[in-house]
Every structure is written in C-alpha cells, then in structure tokens.
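Remarks on the structure that follows.
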Amino acid sequence: MNSKHTFIAMVVFCVVSVGLLGASVFFGNQLLQSHSKKLTDLKVEAAVTDAQQTALTQAKKDIETYEELNNIAKQIVPQDKDQARAVREIVTIAAQSGISITGITFPASNLGQAQPKATTTEDDKEGDSETKKTTAPAISQVKPVDGIKGVYQLELNVTTDSSQLISYAQLIDFLQRLEQNRRTAQITNLSIQPNPSDRNLLTLNMQLMIYIKP
Numbered sequence: 003m004n005s006k007h008t009f010i011a012m013v014v015f016c017v018v019s020v021g022l023l024g025a026s027v028f029f030g031n032q033l034l035q036s037h038s039k040k041l042t043d044l045k046v047e048a049a050v051t052d053a054q055q056t057a058l059t060q061a062k063k064d065i066e067t068y069e070e071l072n073n074i075a076k077q078i079v080p081q082d083k084d085q086a087r088a089v090r091e092i093v094t095i096a097a098q099s100g101i102s103i104t105g106i107t108f109p110a111s112n113l114g115q116a117q118p119k120a121t122t123t124e125d126d127k128e129g130d131s132e133t134k135k136t137t138a139p140a141i142s143q144v145k146p147v148d149g150i151k152g153v154y155q156l157e158l159n160v161t162t163d164s165s166q167l168i169s170y171a172q173l174i175d176f177l178q179r180l181e182q183n184r185r186t187a188q189i190t191n192l193s194i195q196p197n198p199s200d201r202n203l204l205t206l207n208m209q210l211m212i213y214i215k216p
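Take the position in the sequence shown, starting the count at 1, then add 2; the result is the number in the working numbering.
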C-alpha cells in the first residue's frame, strides 16, 4: 500500500514537473519573442536614424556645393547690370597683360526718355471683335538673349591707348585672360591696327558682349 502511494506520488510529481517545464518553456518563448521584437524595432529605429543622419549630412554637402555653384553662376551671369564692375574687371585684366585701356563705352541708353506709345490696330471686318497688337518699348542698353528667359546681353566697346602700342603676345595673353574670366563674355568684333613703322606692335579695338540677369 505504501509502495502504491509512493508510485502515485511520483507520477503526480512527474506530471506536475512536466507541466511546470512546459509552462516555463512557453512563457520563456513568449518573453524571448517579446524581447526579440523590441530588439528588432530598436535596430530598425537605429537604421532609420542612421539613414536620416546620412541624408542630413549629404544635404548639407549638397547645400554647400550648390551654394558654391550658385555663387559661380552669379559671377558668370551677374544678377544686376553693374557697368562699373564690368569696366573694372576688363581694365584689370588688360593691366595684367600690360595693356592700357583708354575707353570702354556702352550703347546709348533710353532711360529718362519718353517711351513710345503702344500701337494698336483694329479689324472690324465680318463682325469680328476688336483685335489689338501692342508694340513693347525697347529695353535700355540690354537685349534679351534668344532662348534663355531672363538673361540679357550688353555690348561693350573697348579701345586701347594709341600712344602705348601692344605686342601680339600681349594681345594673346589678354584674350586668354578674358576667356578664363568667370564673367561670361563673347568677343563679337576684333580690330587690330599694326604700327606702320613696326608691324609687331599694334593698337586694338574690340567689341564684347557680356551677359547679365537683372
């Protein structure tokens, strides 16, 4: 009888132990899954933070790069019609080549002049409604560049000192410096007059077209 009780007690103990072990495994697995999910969420959050940090760093670099490009673009196509600055730049470049500039002239300005009235035409044939064609006033000194909205061209006439003749080497150096200058400029006409007594020396008259964006 005692042996039977002992056997039953052992069976009950084994069943309870197995149940406790199963419960431990189940709850342990649930706890591991919960921690695993939290760890995964933290990893994803860290990855997102790293990606945002990388994007922010790249954005700062892009801003610096584009700011530099914007500054270069403003130098190439200035945002205002600064004639004095254009004159100073050309005189400085010429001086670096040993050339003395005596005159830089611009086209005549129509600022302050009365603008012509817009012209209109009317056509009442066949009962059509009135149609009007307006002629816009000319822009002072500058001309719009075809195909590039908001960019204008301004013509400059450059004359060297006839009493201080220049050499061909100085002329080439001057033209190269103009080409390397950041301000966009195009030589539209180049007239050189060799000295009759020394064909290696000359005077220079040149027309330049610079581009601006008011």
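Where a beta carbon is used, it is the ideal one built from N, C-alpha and C, also for glycine.
Open item on the list: On the DSSP letters alone, give me the boundaries of the beta strand (DSSP E) that Ile101 sits inside.
Closed with: Looking at the DSSP string, Ile101 is not in any beta strand (DSSP E), and its letter there is neither H nor E.
Open item on the list: Within 10 Å of its beta-carbon, does Ile174 have 16 or more other beta-carbons around it, so buried, or fewer, so exposed?
Closed with: exposed
TODO: Output the distance between the C-alpha atoms of Gln55 and Ile65, rounded to the nearest integer angstrom.
DONE: 15 Å
Open item on the list: Could you give the first and the last residue of the continuous beta strand (DSSP E) run that contains Leu177?
Closed with: Looking at the DSSP string, Leu177 is not in any beta strand (DSSP E); the run it does join, the alpha helix (DSSP H), is 170-182.
Open item on the list: What does the alpha-carbon distance come out to for the pair Leu210 and Gln188?
Closed with: 6 Å
TODO: Inspect the beta-carbon positions of Leu158 and Ala88 and report whether they are closer than 8 Å.
DONE: The answer is yes: Cβ separation under 8 Å.
Task: Beta bridge counterpart(s) of Glu157 as assigned by DSSP - done: Met211
Task: 8 Å contact criterion, which Ile214 and Val144 should meet: CB distance rounded - done: 7 Å
TODO: Return the Cβ separation of Asn191 and Met208 in integer angstroms, given the expectation that the two are a contact with Cβ distance under 8 Å.
DONE: 7 Å
Task: Close beta carbons around Leu34, own chain, < 6 Å, minus the five adjacent residues each side - done: none
- [ ] Please report the residue range of the beta strand (DSSP E) in which Gln188 lies.
- [x] Run containing Gln188: 187-196, per the beta strand (DSSP E) assignment.
Task: Three-state secondary structure (DSSP) of Lys145 - done: strand
- [ ] Would you check if the distance between the CB atom of Ser99 and the CB atom of Phe176 is smaller than 8 Å?
- [x] In contact: Ser99 and Phe176 (Cβ atoms closer than 8 Å).
Task: Cβ neighbours of Gln155 in the same chain (closer than 6 Å, five flanking residues each side left out) - done: Lys145, Val147, Met211, Tyr213
Open item on the list: Bridge partners for Leu206 per DSSP, in chain order?
Closed with: Ile194
- [ ] Have a look at Glu63 and Val93 and give me their C-alpha separation to the nearest angstrom.
- [x] Reading off the sequence, residue 63 comes out as Lys, not Glu. Going from the Cα of Lys63 to the Cα of Val93 covers about 36 Å.
Task: Ile95 burial status per 10 Å Cβ neighbour count (16 or more: buried) - done: Answer is buried; the Cβ neighbour count reaches 16.
Open item on the list: Checking the sheet assignment: what are the DSSP bridge partners for Thr162?
Closed with: Ile103
Open item on the list: For Ser5 and Val17, what's the separation of their Cα atoms in angstroms?
Closed with: 18 Å
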